[in-house]
Every structure is written in structure tokens, then in C-alpha cells.
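**Q** In order, the protein sequence lines correspond to chains E and R.
Here the working numbering is used: the first residue of the first sequence is 613, the next is one more, and so on.
Here the working numbering is used: the first residue of the second sequence is 146, the next is one more, and so on.
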Amino acid sequence: MASSHGTPPVFNNKVIAWIDHRLPIFSYIEKEYHTFPTPRNFNYFWNFGAIATVMLVLMIATGVVLATNYTPHVLMAFDSVERIDRDVPQGWLIRDMHMNGASFFFIAVYVHIWRGMYYGSYKAPRELLWILGVVIFLLMMATAFMGYVLPWGQMSFWGATVITSLFSAIPVVGDSIVTWLWGGFSIGNPTLNRFYALHYLLPFVIVAVVALHVVALHVHGSNNPTGIDPKGPQDTVPFHPYYTMKDGFGVVIFLIFYSLVVFFAPDILGDAANYIPADPLVTPTHIVPEWYFLPFYAILRAVPDKLGGVIAMFGAIAVLFILPWLDTSRVRSARFRPIYKWFMLLLVVDVVVLGWCGYNPPAGFFIPLSQVATLYYFFHFLILLPILGKIERPLPMPPSIADAVLKKKAG
Amino acid sequence: MATASVPAGGHGDPTRRDFLMVATGALGAVGAAAVAWPFINNLNPAADTLALASIEVNVKPIEVGQAITVSWRGKPVFIRHRTEKDIKEAVAVPMSELPDPQTDDSRVTDTAKKVRPEWLIMIGVCTHLGCVPLGNKPGQDKGPYGGWYCPCHGSAYDTSGRIRKGPAPLNLVIPGYLFLSDSLVRIG
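(1) Which of the three DSSP states, helix, strand or coil, is assigned to F690 of chain E?
(2) Taking the DSSP output, what are the residues bridged to Y302 of chain R?
(3) Whose C-alpha, out of E:G771, E:R949, E:L959 and E:L751, is nearest the C-alpha of L987 of chain E?
(4) Spell out whether any CB of chain R is found under 8 Å from the CB atom of D917 of chain E.
(5) How would you write the range of the alpha helix (DSSP H) that A212 of chain R sits in, first residue to last?
(6) Taking the C-alpha atoms as reference points, what is the distance between R727 of chain E and S733 of chain E?
(7) Tell me the rounded alpha-carbon separation between N655 of chain E and G921 of chain E.
(8) Closer than 9 Å, Cβ to Cβ, to anything on chain E: give me those residues from the segment 190-204 of chain R, in chain order.
(9) Just to confirm the assignment, what range does the beta strand (DSSP E) spanning H226 of chain R have?
(10) Run down chain R in chain order and give the residues with a C-beta less than 8 Å from the C-beta of G795 of chain E.
(11) Return the chain-ordered ranges of every alpha helix (DSSP H) run that is complete within the segment 926-1010 of chain E and spans a minimum of 4 residues.
(12) Beta-carbon of A571 of chain E versus every beta-carbon of chain R: anything under 8 Å?
(13) Going by C-alpha to C-alpha distance, which of E:Y812, E:D883, E:L793 and E:F990 sits closest to F184 of chain R?
(14) Nearest by alpha-carbon distance to E263 of chain R: which of R:S251, R:D193 and R:E229 is it?
(15) Do you know offhand how far M146 of chain R's Cα is from R161 of chain R's?
(16) Excluding the 5 residues preceding and the 5 following D632 of chain E in the sequence, name in chain order all residues of the same chain whose CB lies nearer than 7 Å to its CB.
(17) May I ask you to list, following chain order, the residues of the segment 754-774 of chain E that have a beta carbon less than 7 Å from some beta carbon of chain R?
(18) Spell out whether any CB of chain E is found under 8 Å from the CB atom of P312 of chain R.
(19) Would you say G275 of chain R and V774 of chain E are within 8 Å of each other, going by their C-beta atoms?
(20) Give the C-beta separation of A884 of chain E and N653 of chain E to the nearest angstrom, bearing in mind that I take them to be a contact with Cβ-Cβ under 8 Å.
(21) L265 of chain R bridges to which residues according to DSSP?
(22) For the alpha helix (DSSP H) containing V723 of chain E, list its first residue and its last residue.
(23) Would you tell me roughly how many angstroms separate the C-alpha atoms of L195 of chain R and G796 of chain E, rounded to the nearest one?
(24) Run through chain R and tell me which residues come within less than 8 Å of V894 of chain E, C-beta to C-beta.
(25) If you measure beta-carbon to beta-carbon, which residues of the segment 293-304 of chain R are closer than 9 Å to chain E?
(26) Alpha carbon to alpha carbon, how far is L932 of chain E from P1006 of chain E? Give it in angstroms, no decimals.
(27) Name the DSSP bridge partner or partners of Y322 of chain R?
(28) Take P206 of chain R as the anchor and find which of R:A191, R:Y302 and R:H226 has the nearest alpha-carbon.
(29) Below 7 Å CB to CB, which residues in the same chain sit around Q766 of chain E once its five sequence neighbours on both sides are set aside?
(30) Which runs of the alpha helix (DSSP H) spanning at least 4 residues fall entirely within the segment 753-798 of chain E, listed in chain order?
(31) What are the partner residues of E201 of chain R, as DSSP defines its beta bridges?
(32) Hey, is K259 of chain R's beta-carbon within less than 8 Å of any beta-carbon in chain E?
(33) What are the start and end residues of the beta strand (DSSP E) that includes V849 of chain E?
(34) Cβ of T897 of chain E less than 8 Å from any chain R Cβ?
(35) Hey, how far is the Cα of K233 of chain R from the Cα of P314 of chain R?
(36) With a cut-off of 8 Å on the beta carbons, I'd call V318 of chain R and T272 of chain R a contact; round off their distance for me.
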């Protein structure tokens, strides 16, 4: 829905009118965030884009403040983080907000991604919107990984060693690439310095890609739980106040859960081993990444071959880029796809099982379990989705969003 | 004019302008690559990092069956004084059982080509994803082959530091080392 509501807005305030005539920023806000026609039938899953945006702003705000007290040097980094926790006024709060903010940012984004999959938001004409979203996800992973290295604890050091060593799997040039990434023969001070520089840079790159994501979103407007395009004014409401309120409500509820963790259990999502200073000569007995990487870590370990494992892990994200073309069904929403609906729930179970495998040491029944779960993950995207779209018989669809909403109310 | 036969506005045949466009673009690409190189190479190890070349270790205090860990270039180096049993086991393994076939002798030879089977000197970094394997300290899990065991992803090494089982593709790396005397070794 690119159409706007008729005439451009008239501003009564002379200053605003003067500025808007030269830089139409107020017209833009009016058009894109006030009168913007938005499907009237969003459910609460549609909150998570706004929630993720709030978390991004919160991460940048807390991160800039933390940076004023952090020292990126192998001999001082750990102590400077402890000083933030113990001596700096409210340092503990800012740091707990930042490290748990990363987790809650990922929670919001994982729900957002799953919503896009369940309701087929990636289908034409929103493929580029989806791909920009996957780019944001990749940038988030890189940023989170480098941020986790900065406190220079045991998990920081060994997590960084394991992840950078992934590149040594590349034939011929692998070892040179790893040395280049490290700036030395092992993870050391040059590595910490560059990770800090990039950890500060990448969030602003994310902001830029989010801006593109939103621009692409506003070309055709949001998808909605029926997956049917709005056909007229009866199918939409203005973005403000309807969705500013609904998003605001969702953000508040989300931040309540976030605050519970920040104030009452700030270390529940972290690993105790990261409160031991990094020791290059001793590997912790059990290296685990942060929870949001566990499913991908399980895929890495499920393949009993180094290069194969690395390819599978990156492949697990790469399939998301081509998802719009793997799903052959022309029906967007899982509401009208009786079989697909159940497979989307099974995919959630599969990813949770992968995460459980990633959390546990690679021994006993976790090895075959992670292999089965990995195979299923790729089966879902590469085999099931192309075939299911051809053989599934969709349920009858309502003629319009308004019909669907009003019928539900009447019934 | 050599290209007088090309009609103005004709398509198919390249014109002078096409040639100039391609030539300018190619030169621009070379220039951009030349400027990009210092930025990329800047991330490689600096001269002071490279200068951390070698260390000397006195191995006299290490009793038979003991092992120590020393730090070289920020990485752990294992020095194990192997027992007769360790050596026999390592030599007895048929090459066909090894994912990365190397004889035991080739792994205990210093840079002067002198073989000292009792001294095994290796970089203590798992060739899978860079963890430090267990087995160098008393009481640690040496794994099913009596050498080293990496707890991260389950790679097991034998008494010659060769990979036997698990995701690691290669044997533990032997750094260049030279015995300056029977008790003093220089690594690097």
C-alpha cells in the first residue's frame, strides 16, 4: 500500500511549516508513521519489529556509556569490566542492561523471524525486505560475538579461539586468514583491539540496514495474519494511534520481563567461566557459546568433518537468504496451510533440540540427536518447503481482511 | 582512422568509446585494489608480534613420563618425556589407521635431523578449532589412545600426538626446534 491519504499535511506552526518546506521531515513522519495505512488485523506477533528496534537503541545507548569506562587491553580489559561492575556509579546496571540486552534483542529477533516464516511475510513482493532482515541477523551475530570477547574472561578467549579457527577449515588459505583475523599467532592484544573497534562500528551499520529494511517495508506495507493484501480503506487503520499504542503496549510488557532478568537474575543467561580471567594455556573443560548461538553450534559439531561442519553451520543461515524461492506455495499465511502450519511448529521443536545439543558436551546420545536434528533442519528448508507448496491443498481464504475480521467478531 | 567503418549509433561492434570505458574502468579497479591493500594488510601481524621468535627451554628436570607446558608465541607448547611404552605404542601403529599418516620418527626429529624418540615437542593446540587438549598434566584425561584428549569437540590424539578419532583433521603441529645440548632445546 504505497498510496497516502490524499493531500499533503498543512502545518499550523510557522516554524514547522518553514522547516518542512525546505526539509520535508515532518511530512515524512506524518505520511509514514501517522496516516500510513496499516492492516487492521495485526496480532501481537507484529510487535516484535518495534521491540527489536527499541532493543537496538538500548544496546547502543548502554554500549556508548560502557565504552567510556572500558579498556581494550589484554592486561586491563577484565579488570576494567570488574571496575564498571563494582566502582563506577550505576556501572553494574548499565553493564547488566547491555549484556542481557543482547539476549533480549535476540529473543525479539528470533520471534520476529519466526513470525515472518509462519505468516509467509517473505513472499513476493517482500523478498528484499526479508533478505535485508537476514543481513541484519548476520550483523547482529558478528556484533554479539565480538562483544562477548571484550570482557576477556575464559569464555571470551576460548569462544573467540573456536569461532575464528572456523576459518582455518578453508582449504589452502585458511591458516593465513586466521593469522590475519588475529593479527598474530594466537588471540591476543591486536585481536582484542580490532574486535572492540568493530563492536563499536557494526551497530551503526545495523542501524543503516534497519533503515533500508523499514524503507522496503513501507513500499508495499506490512503483511498481516491472513496474508491477504489490503484491498481498500475498510481493511486498514492509520499507523498512529492504533499501532503506536499497540507496539508501545508490547514494548512495555517485553521490558518488564527484561527488567526482571536485569535486576533479579543478571547472570542467569551467562556462563560463570567468563568471570575467570582469560588464560591462553588452559581451555575450560566445556566451551559453550551464548544461548542464541547454540543451535548453530550444534550444527557445527554434528558433522564429523571440520570443513563439512563449518559449511553446514554457515549453510544453516544461507538457506534463509533463498527461503523466498524455496517455498513454492502461493499462499502466504500458515492459517490457510493446514500441513505447513504443523511443520512450522516442528521446526521450532527442532531448533530447540539443536540448542539443547549445543549446550551439552558432544558425547553419548547427543551426537546422533544433533545429527538427526541437523538433517531435519535442512530437510525442512531444502526438501519439504519446495514439495509441500505443490502438494498441499490450502484452506478457502476470506475475500478480504475486513471480511475475515468482521466474520470472526460475528461468529 | 582505423575504425571509420563503424557506423555512428551502430550496435554490436565495439566503438572507441566502449574501449575507453573499459580501459578507464579497469584502471580504476586496479587503483582501488592498490589503495585497498594497505588497509587489508594493516590487519596482519605487526613487526613486534613477528619478533617473538624463539624460546629456550631446559628439559633436564622433566622425568620420564612427565610433561610440561611452555608458552611460545602466545600458544602452549607441550614437551613430553615419553616412556618406552609410549614410544612402542606410537611406533607400532600401522599407517593405514591414521587419518593424517606420519611416522613416529618424523615427529621427534629436530631441525638438525637428529631423532630423539624420548622427547615429543608439539604445539598444544587442537587442529580442529584451537582448544588446548587435556592430558599434559597428571590426572587429566588422556583419551582412549593414551596421548591427549580435546574436551571441546572430542578429538583424541595418540602418544605421538597424531589424530586418531574425532573432528580434528590433522596431527598436533610440531614446531621447528633444535636441541642445543642434551638438556637445552630452542623452540622457533
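Note that the Cβ used here is the ideal one computed from N, Cα and C, for glycine as well.
Quick caveat: nothing in here was measured; it's all calculated off a predicted structure.
**A** With the given structure in hand:
(1) By 1-based counting over the first sequence, the position of residue 690 of chain E is 78. F690 of chain E falls in the helix class under three-state DSSP.
(2) Reading the second sequence from its first residue, position 157 is the one you call residue 302 of chain R. Paired residue(s): R:W293 and R:I308.
(3) Position 375 of the first sequence holds residue 987 of chain E. Closest option to L987 of chain E, judged by alpha-carbon separation, among E:G771, E:R949, E:L959 and E:L751: E:L959.
(4) One-based indexing of the first sequence puts residue 917 of chain E at position 305. Interface residue, yes.
(5) For the purposes of this step, residue 212 of chain R is taken as the residue at position 67 of the second sequence. Membership of A212 of chain R in any alpha helix (DSSP H) is not indicated; the residue belongs instead to the beta strand (DSSP E) covering A212 to W217.
(6) For this step, residue 727 of chain E is matched to residue 115 along the first sequence. For this step, residue 733 of chain E is matched to residue 121 along the first sequence. The alpha-carbon atoms of R727 of chain E and S733 of chain E are separated by roughly 8 Å.
(7) For the purposes of this step, residue 655 of chain E is identified with residue 43 of the first sequence, where counting begins at 1. For the purposes of this step, residue 921 of chain E is identified with residue 309 of the first sequence, where counting begins at 1. Cα to Cα, the separation comes out at about 38 Å.
(8) Listed in sequence order: P190, A191, T194, L195 and L197.
(9) Taking the second sequence and counting its residues from 1, one reaches residue 226 of chain R at position 81. Here the beta strand (DSSP E) through H226 of chain R covers K220 to H226.
(10) In the first sequence, counting from the first residue as 1, residue 795 of chain E sits at position 183. Chain R residues near G795 of chain E: L188, N189, P190, A191 and T194.
(11) Those alpha helix (DSSP H) runs which fall completely within the segment 926-1010 of chain E and span 4+ residues are 935-938, 952-971, 978-991 and 997-1003.
(12) The requested residue 571 of chain E does not occur in the structure, where chain E is confined to residues 613 to 1023.
(13) Here residue 184 of chain R corresponds to residue number 39 of the second sequence, with the count starting at 1. Per the Cα distances, E:L793.
(14) Along the second sequence, one-based indexing puts residue 263 of chain R at 118. Nearest of R:S251, R:D193 and R:E229 to E263 of chain R, Cα basis: R:E229.
(15) By 1-based counting over the second sequence, the position of residue 146 of chain R is 1. By 1-based counting over the second sequence, the position of residue 161 of chain R is 16. Note that M146 of chain R scores a pLDDT of 43, beneath 50, so its modelled location is shaky; the value from the coordinates is reported in the next line. Their backbone Cα atoms lie some 11 Å apart in a straight line.
(16) Numbered from its first residue, the first sequence carries residue 632 of chain E at position 20. Here the set comprises F623, F638 and S639.
(17) Hits within the stretch, in order: W770, T773 and V774.
(18) Start at 1 with the first residue of the second sequence, and residue 312 of chain R comes out as number 167. Answer yes: the Cβ-Cβ gap between P312 of chain R and chain E drops below 8 Å somewhere.
(19) Walking along the second sequence from the start, residue 275 of chain R turns up at place 130. Walking along the first sequence from the start, residue 774 of chain E turns up at place 162. Their beta carbons are under 8 Å apart, which means G275 of chain R touches V774 of chain E by this criterion.
(20) Translated into the one-based positions of the first sequence, residue 884 of chain E becomes position 272. Translated into the one-based positions of the first sequence, residue 653 of chain E becomes position 41. In this structure A884 of chain E is not in contact with N653 of chain E, their Cβ atoms being roughly 46 Å apart against a cut-off of 8 Å.
(21) Stepping through the second sequence from its first residue, residue 265 of chain R is reached at position 120. L265 of chain R is bridged to R:R225.
(22) As a first step, residue 723 of chain E must be located in the first sequence, where it is residue number 111. Note, V723 of chain E: alpha helix (DSSP H), G703 to Y730.
(23) Along the second sequence, read from residue 1 onward, the residue named residue 195 of chain R stands at position 50. Along the first sequence, read from residue 1 onward, the residue named residue 796 of chain E stands at position 184. Rounded to the nearest angstrom, the two C-alpha atoms are 7 Å apart.
(24) As a working note, residue 894 of chain E is residue 282 in the first sequence. Under the 8 Å cutoff, chain R gives V277.
(25) Within the segment 293-304 of chain R, the qualifying residues are C295, P296, C297, H298 and G299.
(26) Numbered from 1 along the first sequence, position 394 holds the residue referred to as residue 1006 of chain E. Numbered from 1 along the first sequence, position 320 holds the residue referred to as residue 932 of chain E. Using only the alpha carbons, I get a separation of about 23 Å.
(27) Translated into positions along the second sequence, residue 322 of chain R becomes position 177. For Y322 of chain R, which the question treats as bridged, DSSP gives the partners R:I332.
(28) Within the second sequence, residue 206 of chain R is the residue found at index 61, counting from 1. Selected option, being the one with the closest Cα: R:H226.
(29) In the first sequence, counting from the first residue as 1, residue 766 of chain E sits at position 154. Once the five neighbours on either side are set aside, the close Cβ partners of Q766 of chain E are A885, N886, I888, A890, D891 and P896.
(30) Those alpha helix (DSSP H) runs which fall completely within the segment 753-798 of chain E and span 4+ residues are 766-777 and 786-794.
(31) For the purposes of this step, residue 201 of chain R is identified with residue 56 of the second sequence, where counting begins at 1. DSSP output for E201 of chain R lists R:R331 as bridge partner(s).
(32) By one-based count along the second sequence, residue 259 of chain R stands at place 114. For K259 of chain R, the answer is no, since every Cβ of chain E falls outside 8 Å of its Cβ.
(33) For the purposes of this step, residue 849 of chain E is identified with residue 237 of the first sequence, where counting begins at 1. Secondary structure note for V849 of chain E: its beta strand (DSSP E) is the uninterrupted segment T848 to P850.
(34) By one-based count along the first sequence, residue 897 of chain E stands at place 285. Cβ-Cβ to chain R under 8 Å: yes for T897 of chain E.
(35) Here residue 233 of chain R corresponds to residue number 88 of the second sequence, with the count starting at 1. Here residue 314 of chain R corresponds to residue number 169 of the second sequence, with the count starting at 1. Each residue's Cα considered, the two are about 24 Å apart.
(36) The count along the second sequence starts at 1 and reaches residue 318 of chain R at position 173. The count along the second sequence starts at 1 and reaches residue 272 of chain R at position 127. Correct: roughly 7 Å between the Cβ atoms.
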